[in-house]
Amino acid sequence: MDWYEKGMGERFSTFHAVLLAIWLAVLVWSGINPHDRLTWWLECTPGLIGFALLALTWGKFRFSRFCYALIAIHCVILFIGAKYTYAEVPLFTWLEGPLHFARNNYDKVGHFAQGAFPAIIAREIILRTRAARSKAWAAFFSITVCLSIAALYEIFEWATAEIIHEEADAFLGTQGDPWDTQKDMAWCLVGAVFSMLFLTGIHDRSIRRLVSRRNE
Numbered sequence: 025m026d027w028y029e030k031g032m033g034e035r036f037s038t039f040h041a042v043l044l045a046i047w048l049a050v051l052v053w054s055g056i057n058p059h060d061r062l063t064w065w066l067e068c069t070p071g072l073i074g075f076a077l078l079a080l081t082w083g084k085f086r087f088s089r090f091c092y093a094l095i096a097i098h099c100v101i102l103f104i105g106a107k108y109t110y111a112e113v114p115l116f117t118w119l120e121g122p123l124h125f126a127r128n129n130y131d132k133v134g135h136f137a138q139g140a141f142p143a144i145i146a147r148e149i150i151l152r153t154r155a156a157r158s159k160a161w162a163a164f165f166s167i168t169v170c171l172s173i174a175a176l177y178e179i180f181e182w183a184t185a186e187i188i189h190e191e192a193d194a195f196l197g198t199q200g201d202p203w204d205t206q207k208d209m210a211w212c213l214v215g216a217v218f219s220m221l222f223l224t225g226i227h228d229r230s231i232r233r234l235v236s237r238r239n240e
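One point on numbering: in this note's numbering, the residue at position 142 of the sequence shown is 166, and numbering is uninterrupted.
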């Protein structure tokens, strides 16, 4: 049994409990008097769906600790954006002055994360199920998965705007930039490439530790 093989992995531990507590605490904080309740639901939905999928598949496929940690960080980013809307996160509004930003750039953090963290999730699934023959192909497919997700999310935003019209402004968060959609997808690509260049070593070690704990 090698480290590529799929399987249940380790049992629920203190590490997982801490991540779950952080996820729940930030979700609850985010839901208390958000800037816009409809936008809050729209922005939180990916994190809620992700949690449901992880819970449903827990008995069949458990990710490495590094992967779970990145998922938790990604959800925190989503929940912060949901509370304030991505165009009005206070810290990034304040940074517009000292960094001479023309807009609130928290959405770029969100779209970078949309590439960086799902890329690791995709890579782990691809490697451990042997869906690709090499790490190079795993990296390629991980990046393309993230770009596909980014494109689908932009389509979802467009469809939502068509349905709810002016109420979608806070959800879209274009801030008057006609190229915002293309830039969002570009940031997703940058995030995915970043992970494949700089995080795969940590990821490989985390998978090995997962298999080591499982075989003890």
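No residue lacks a Cβ here, since even glycine has one placed at the ideal position from N, Cα and C.
Mind checking whether residue i and residue j have CB atoms under 8 angstroms apart?
i, j, result
"Tyr108", "Asp131", "no"
"Leu171", "Ala162", "no"
"His135", "Trp211", "yes"
"Gly139", "Ala216", "yes"
"Ala21", "Val169", "This structure leaves residue 21 out entirely; the chain is present only between 25 and 240."
Write down the C-beta distance between residue i and residue j rounded to the nearest angstrom, noting that I regard them as a contact closer than 8 angstroms.
i, j, result
"Ala106", "Glu148", "That pair is no contact at about 26 angstroms."
Alpha carbon to alpha carbon, how far is residue j from residue i? Give it in angstroms, no decimals.
i, j, result
"Glu181", "Gln206", "13 angstroms"
"Ala49", "Ala79", "18 angstroms"
"Val113", "Ile187", "25 angstroms"
"Val235", "Ala155", "18 angstroms"
"Ile46", "Val100", "8 angstroms"
"Leu94", "Met220", "14 angstroms"
"Gly71", "Trp64", "11 angstroms"
"Ser166", "Leu123", "33 angstroms"
"Asn129", "Asp204", "11 angstroms"
"Leu62", "Ala183", "15 angstroms"
"Gly83", "Phe164", "28 angstroms"
"Trp241", "Phe125", "The question about residue 241 has no answer here: the residues shown for the chain are numbered 25 through 240."
"Ile173", "His98", "14 angstroms"
"Phe36", "Gly55", "27 angstroms"
"Ala96", "His59", "22 angstroms"
"Glu34", "Val133", "31 angstroms"
Comparing alpha-carbon positions, which option in the options lies nearest residue i?
i, options, result
"Asn57", "Phe103, Pro122, Arg157", "Phe103"
"Phe218", "Ile231, Lys159, Arg232, Ala143", "Ala143"
"Arg237", "Arg89, Thr81, Trp65", "Arg89"
"Arg127", "Val133, Trp82, Phe116, Leu51", "Phe116"
"Ala137", "Ala160, Val214, Leu44", "Val214"
"His227", "Pro122, Glu120, Tyr92", "Tyr92"
"Met209", "Glu178, Asn129, Ile231", "Glu178"
"Leu43", "Ile231, Ala175, Phe75, Ser166", "Phe75"
"Phe222", "Thr168, Ser37, Phe141", "Phe141"
"Phe39", "Phe87, Thr69, Ile73, Gly55", "Phe87"
"Ala160", "Leu176, Thr153, Thr224, His98", "Thr224"
"Thr153", "Phe85, Thr81, Leu77, Ala41", "Phe85"
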